[in-house]
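Notes for the one structure printed next.
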Amino acid sequence: MIATPVPHPLPLRQASSLSGHCGDLPAAALPLLSLEDLAIGHRRSDCVQRGLSGQFDAGSLTAIVGANGSGKSTLLKTLVGQLPALEGQVHCRVARADIGYLPQLDEIDRRFPMTVCDFVALGHWRRASWWRSLRRAPWQALTLDAIHAVGLRGLEGRWIDELSGGQFQRVRFARLLVEQAPLVLLDEPFSGIDSQTVDDLLCLIHQWHQQGTTVIAVLHDMTLVRRHFPRTLALAPPPGVAVWGATDQVLDRPLHGLKRAHGGQP
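Counting in full-length UniProt numbering, the sequence shown runs from 1 upward without gaps.
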């Protein structure tokens with residue numbers, strides 16, 4: 001099982017100013033992340049969702065669900081800046097460079113020769129001035145704390161290409177731990193890993209949630225969604241329908257029978 005949280009946490013990064021038309025609202029009253037008539041896709045001729053409007057409040061825990069091709073991963077890539085918005089805007093009070101992002105496990109090439117410790121230490125790169133400093137205190141201590149927190153004590157020097165899928169996913173979560181991002185995006189974090197690792201990583205996600213981190217995760221297991229994620233954004237394949245709301249309300253009704261949410265609060 002997972003150990004206690006990292007004992008020497010760095011403070012969460014301060015959110016940047018929210019762009020857009022929000023008048024003089026105080027920062028505390030603003031959503032952490034909001035979408036305004038957003039259209040997403042890899043190109044204009046391949047739009048998978050259009051007219052997405054709604055918000056993710058600070059500290060919320062939201063699942064994104066939907067059939068293959070509905071734009072779940074595309075939405076995350078748009079939020080993190082890997083894909084441009086085709087239409088509309090994304091307003092975020094966190095700089096994109098400060099968003100914690102976990103792409104799908106099969107998108108990561110593990111052939112690069114790197115140890116567990118070095119891979120996790122890369123999570124410090126925005127705060128550490130250069131690579132050599134990552135091997136010094138306090139960065140090294142924080143790195144080891146994160147590795148131990150995900151249950152990998154004793155594997156600090158193991159090459160990442162020697163790890164099982166579940167072990168490597170724990171390593172990736174350890175890197176997120178040291179990043180200390182106020183907004184974390186997870187793309188299918190439980191796919192292809194063992195049940196014990198799923199349980200342990202869910203514990204970490206709940207710890208983030210309790211600490212005020214905003215977590216958005218693409219998921220396929222509806223049982224996990226119902227048990228662990230209070231809010232859900234459900235997407236249908238093109239031409240696209242999006243439903244935002246409390247998880248039970250979203251999942252208990254057929255997607256085609258619900259109105260497109262506008263100004264929703266997932």
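Think of the CB as a built atom: it goes at the ideal place given N, C-alpha and C, for glycine as much as any other residue.
At what residues does the beta strand (DSSP E) containing T232 begin and finish?
Indexing the sequence shown from 1 puts residue 232 at position 232. DSSP places T232 in the uninterrupted beta strand (DSSP E) bounded by R231 to L235.
Exercise for the section: Determine the burial state of residue 274: buried for a count of at least 16 other Cβ atoms within 10 Å of its Cβ, exposed for fewer. Expected result: What the structure shows of the chain is the stretch from 1 to 266, and residue 274 is not part of that stretch, so it cannot be assessed.
Worksheet item: How far does the beta strand (DSSP E) with G41 in it reach, from first residue to last?
Response: Taking the sequence shown and counting its residues from 1, one reaches residue 41 at position 41. That run of the beta strand (DSSP E) goes L33 to G41.
- Query: Closest to L235 by CA distance: which of F229, D161, R226 and H220 is it?
  - Reply: Along the sequence shown, read from residue 1 onward, the residue named residue 235 stands at position 235. For L235, the closest of F229, D161, R226 and H220 by C-alpha to C-alpha distance is H220.
Exercise for the section: Tell me whether V65 sits in a helix, a strand or coil according to DSSP, three-state version. Expected result: Here residue 65 is taken as the residue at index 65 of the sequence shown, counted from 1. In the structure shown, V65 sits in a strand (DSSP, three-state: E or B).
- Query: How is the beta strand (DSSP E) around E87 delimited, first residue to last?
  - Reply: Sequence index remark: in the sequence shown, residue 87 carries index 87 (1-based). It spans E87 to C92 - the beta strand (DSSP E) in which E87 sits, taken as one unbroken run.
Is it buried or exposed for D145, if we count other Cβ within 10 angstroms and need 16 for buried? For this step, residue 145 is matched to residue 145 along the sequence shown. In this structure D145 is buried. Its beta-carbon is surrounded by 16 or more other beta-carbon atoms within 10 angstroms.
### Query
When DSSP labels each residue in this structure, what does S53 get in the three-state scheme?
Reading the sequence shown from its first residue, position 53 is the one you call residue 53. In the structure shown, S53 falls within a strand segment according to DSSP collapsed to helix, strand and coil.
| By a C-beta neighbour count over all protein chains shown, 10 Å radius and 16 as the cutoff for buried, is R170 buried or exposed? | Taking the first residue of the sequence shown as 1, we reach residue 170 at position 170. Sixteen is the threshold: when 16 or more other Cβ atoms of the shown chains lie within 10 Å of the Cβ of R170, as they do, the residue is buried.
Practice prompt. Let me know the secondary structure DSSP gives L76 once reduced to three states.
Written response: On the sequence shown, position 76 is the one that residue 76 refers to. In this structure, L76 counts as helix in the three-state DSSP scheme.
Kindly list the residues whose CB is nearer than 7 Å to the CB of P237, restricted to its own chain and excluding five residues on each side of it in sequence; keep chain order. Locating residue 237 in the sequence shown gives position 237, where the first residue counts as 1. Cβ within range, chain order: A67, G69 and S70.
Is DSSP giving D46 helix, strand or coil here?
-> Counting from one through the sequence shown, the residue named residue 46 turns up at place 46. Correct three-state label for D46: helix.
### Message
What does DSSP give as the partner residue(s) for V184 in the beta ladder?
### Response
Taking the first residue of the sequence shown as 1, we reach residue 184 at position 184. DSSP, once it has assigned bridges, lists G100 and V215 as partnering V184.
Exercise for review: Just tell me which of G51, Q89, L155 and A95 has its CA closest to the CA of V120.
Suggested key: Taking the first residue of the sequence shown as position 1, residue 120 is located at position 120. Selected option, being the one with the closest Cα: L155.
Exercise for review: Could you tell me the distance, in whole angstroms, from the CA atom of L25 to the CA atom of L163?
Suggested key: Working through the sequence shown from its first residue, we reach residue 25 at position 25. Working through the sequence shown from its first residue, we reach residue 163 at position 163. Because L25 carries a pLDDT of 39, less than 50, the predicted location of this residue cannot be relied on, and the following value inherits that uncertainty. Computed Cα separation, rounded: 48 Å.
**Prompt:** Of all the options V150, A95, V90 and L105, which has the alpha carbon lying nearest to the alpha carbon of C117?
**Reply:** As a first step, residue 117 must be located in the sequence shown, where it is residue number 117. Taking each of V150, A95, V90 and L105 in turn and checking the Cα distance to C117, the smallest one comes out for V150.
To the nearest angstrom, how far is the alpha carbon of T115 from that of L105?
The residue you call residue 115 lines up with position 115 of the sequence shown. The residue you call residue 105 lines up with position 105 of the sequence shown. If I take the Cα positions, the gap works out to 17 Å.
Quick check: the Cα distance between S34 and P189, rounded to an integer number of angstroms? Taking the first residue of the sequence shown as position 1, residue 34 is located at position 34. Taking the first residue of the sequence shown as position 1, residue 189 is located at position 189. If I take the Cα positions, the gap works out to 23 Å.
Margin query: So the candidates are D194, R93, P84 and V218; which of them puts its Cα closest to the Cα of D46?
Written below: By one-based count along the sequence shown, residue 46 stands at place 46. When the alpha-carbon of D46 is set against those of D194, R93, P84 and V218, the nearest one is in P84.
message = Which residue marks the beginning of the alpha helix (DSSP H) containing W139, and which one marks its end?
response = Locating residue 139 in the sequence shown gives position 139, where the first residue counts as 1. For W139, the enclosing alpha helix (DSSP H) has its first and last residue at W139 to A149.
Determine the contact status of T74 and I108, defining contact as a CB-CB distance below 9 Å. Sequence index remark: in the sequence shown, residue 74 carries index 74 (1-based). Sequence index remark: in the sequence shown, residue 108 carries index 108 (1-based). No.
Need the endpoints of the alpha helix (DSSP H) that G166 sits in, please. The sequence position of residue 166 within the sequence shown is 166, counting from 1. For G166, the enclosing alpha helix (DSSP H) starts and ends at G165 to E179.
If we define contact as Cβ-Cβ less than 9 Å, is A217 a contact residue for chain C? Note that chain C does not occur in the displayed structure, where there is just one protein chain.
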